[in-house]
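Residues in the sequence shown are numbered from 1 upward in steps of one, following my numbering. Ideal Cβ placement from N, Cα and C applies to all residues, glycine included. Everything below concerns the one structure shown next.
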Amino acid sequence: MGSAERGHSARRGARRTSLFEALAGRIMLASGWRRALLAALSGAIATLGLPPFDIPLAGFIAFPVLVWLLDGLGRDPGAGALKRFAAPFAIGWTFGFGYFVAGLWWLGAALLVDAGSFAWFLPFAVLGLPAILAIFFGLAAALARLVWSDSAWRILGLASAFALAEWARGFVLTGFPWNEIGLIALSHPVLVQSVSLVGLQGITLLAVLIFSTPAILSDRRGRWPVAALALALVVGQIGYGVWRLDAHPPSASETVAIRIVQPNIRQSLKWNAQEAERNFEKLLELTAMRPAPGEDVVDNETPADDRRTLIVWPETAFPFVLTDRPDALNRLADTLQPGETLIGGAVRVERSEADRARFYNSIYVIDDQGTIVEAADKLHLVPFGEYLPFQDLLERWGVSNLVQMPGGFSAGASRRAVELAGAPSFLPLICYEIIFPGEISLEDPAPGFILNVTNDAWYGETPGPYQHLRMAEVTAVALGLPLIRAANTGISVVDDALGRERSGLGLGATGTIDVALPTETIDSPYRRHGAMLFWGLWCVFTLLSVVFRLDLRPRID
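This is how it looks when you write it as structure tokens:
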């Protein structure tokens, strides 16, 4: 290359660098409403990395903006503690507000099912809940600023702070870890495999570091070691995923088949007394359907007596209290064939001697004679949906549950694997309790699969059901178990233990899934040790950010 060409290339590289630095400079100098707008917009952009969009590039836009906004605060030794806390908190809170409004706006759809009773609550669901959840991101930004430095290593402190905030969001006030930041980095089964090592919170820790890396490329100190670390993490995540998927080829049972029934009943009709019989008939008709000739899902050479079919209905599928309807149990006995077992969501009732009823959101296991042989109750209930916090006080103010049960649902006492005749046991997880993997402990021997029944009809054709499915799949991969998921209006799937979909029905579809049960379970590090690896990484990230904040490191960068 000639000297003229080298000079032209150098000038072009300098111009690119100048443009990049100019953008960072303009963002750092933003103040007032411009700063707030940039923070909110960057938070909203980040949600494009969530299902159903699945554009991880959004993270590489959102988090550099957040880093530069925090850089713009500078250091003011004369500022009081409150001011030093308030400024980064405001940036983080506004970023979080944009993130949660854009990611959770669909919650308002549930309030429009019975608009006459609940539409007045819409502003709280669409704006109030995001305002509360954004507090966690505000605290994360304020905490990150405590260990902020003028080195590229500062983004490790940001990653640690956000991971800690997301961990807290999973349990404070019963927890609501919906759309944890780590989900942005899990748009493909290859990328999801790393949750089997560090869990979703560990992915959040690494994702914030990786997404923030563009912000430090113009730094003078530490940029290459940090960029190399981020690149190594990306390569490691992809490589581990490819290796793990290749090491565990799909496998299926030769004796146990799964049939998932997706009735696609609109929420406005689900509990309509006049529609109850019609809804029940629809479930029975779909249950009675058989695979087309030549589409048997288990080995034809297996003796018929050794074959089992597990038929799965979604959450609260029965449109009445089943134990009050012996005629309905008789209909089930007439519909189920020998060797078939129905596992369906139902409202279970316990009545005391004082005739005070307690309602449970449950799963029933019903054999081919129409006999209820097992039941499992939901443990983690949805606030304002299935139970009302401070019920007496809020009811005086006119607030009630979305699910109209007298006194709301009661929580189950414990979670255990449910045994089945002629088939592997399963772990029952009803609706959104599957997004709390930290609450799940597995005893040896581990169950054969996770059974997740849900009713996402509340949210229509919005991003909500797609987000719910992704979180369910992440939990299943973290625990190393196949996922059998039945949803009223979708999305129903059968996945193996690595999150590979074997069969599925899309949102708004009516029909059934017929597939052999995936058999392999994988004893993942996360299943054995829980969040231990995450906390180990978190301590390393936090220690490094403190070292560089206090300028204790040797001059190697």
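Any chance the region 243-260 sits against the region 86-101, with 3 or more Cβ pairs inside 8 Å?
no
Are L379 and R415 touching if we call contact CB-CB under 8 Å?
yes
DSSP three-state assignment for L427, whether helix, strand or coil:
strand
Spatial distance of G370 from D444 (CA atoms):
Within the model, the alpha-carbon separation for G370 versus D444 is close to 31 Å.
Measuring alpha carbon to alpha carbon, tell me which of I430, F211, N488 and L283 ends up nearest W458.
N488
Less than 8 Å separating the beta-carbons of D368 and P338?
yes
When you compare the region 478-492 with the region 505-525, are there three or more beta-carbon pairs, one atom per stretch, that lie closer than 8 Å?
yes
Residues near F534 in its chain [Cβ-Cβ closer than 6 Å; skip 5 each side]:
V198, G199, Q201 and G202
Environment of W224 [buried if 16+ CB atoms lie within 10 Å]:
exposed
Taking the alpha-carbon positions, what's the F121 to L111 distance?
7 Å
Can you tell me the Cβ-Cβ gap for T323 and N361, rounded? I've got them flagged as a contact below 8 Å.
At roughly 15 Å, the Cβ-Cβ gap does not stay under 8 Å, so T323 and N361 are not in contact.
Residue from R528, A357, N179 and G448 whose Cα sits closest to the Cα of V474:
N179
Need the endpoints of the beta strand (DSSP E) that G511 sits in, please.
G511 to P518
Pick out the complete alpha helix (DSSP H) segments inside the region 152-191, 4 residues or longer, and give them in chain order.
154-169
For D324, list the residues DSSP reports as bridge partners.
Bridge pairing for D324: absent [DSSP].
Would you give the residue range spanned by the alpha helix (DSSP H) that F449 belongs to?
Run containing F449: none in the alpha helix (DSSP H); it sits in the beta strand (DSSP E), F449 to T454.
Is Q274 buried or exposed, if buried means 16 or more other CB atoms sit within 10 Å of its CB?
exposed
Spatial neighbours of A357 in its chain, beta-carbon cut-off 6 Å, leaving aside the 5 residues before and after:
V349 and R351
Restricting to Cα atoms, I'd like to know which of F384, Y364 and F63 is closest to D377.
The shortest CA-to-CA distance from D377 to any of F384, Y364 and F63 is the one to Y364.
Does DSSP put N279 in a helix, a strand or coil?
helix
Apart from the five residues on each side of it in sequence, which residues of its chain come closer than 6 Å, Cβ to Cβ, to P51?
Y466, Q467 and R470
As an exercise, report each continuous beta strand (DSSP E) stretch of at least 3 residues that is fully enclosed by the region 37-104, in chain order.
Fully enclosed beta strand (DSSP E) runs of 3 or longer: not present.
How big is the Cα-Cα spacing for T255 and E340?
12 Å
Is L209 closer than 8 Å to L544 when the C-beta atoms are compared?
The answer is no: Cβ separation not under 8 Å.
Identify the continuous alpha helix (DSSP H) that holds F541 and give its terminal residues.
M532 to R549
Between P424 and F449, is the Cβ-Cβ spacing less than 8 Å?
yes
What is the residue span of the alpha helix (DSSP H) that Y240 lies within?
R223 to A247
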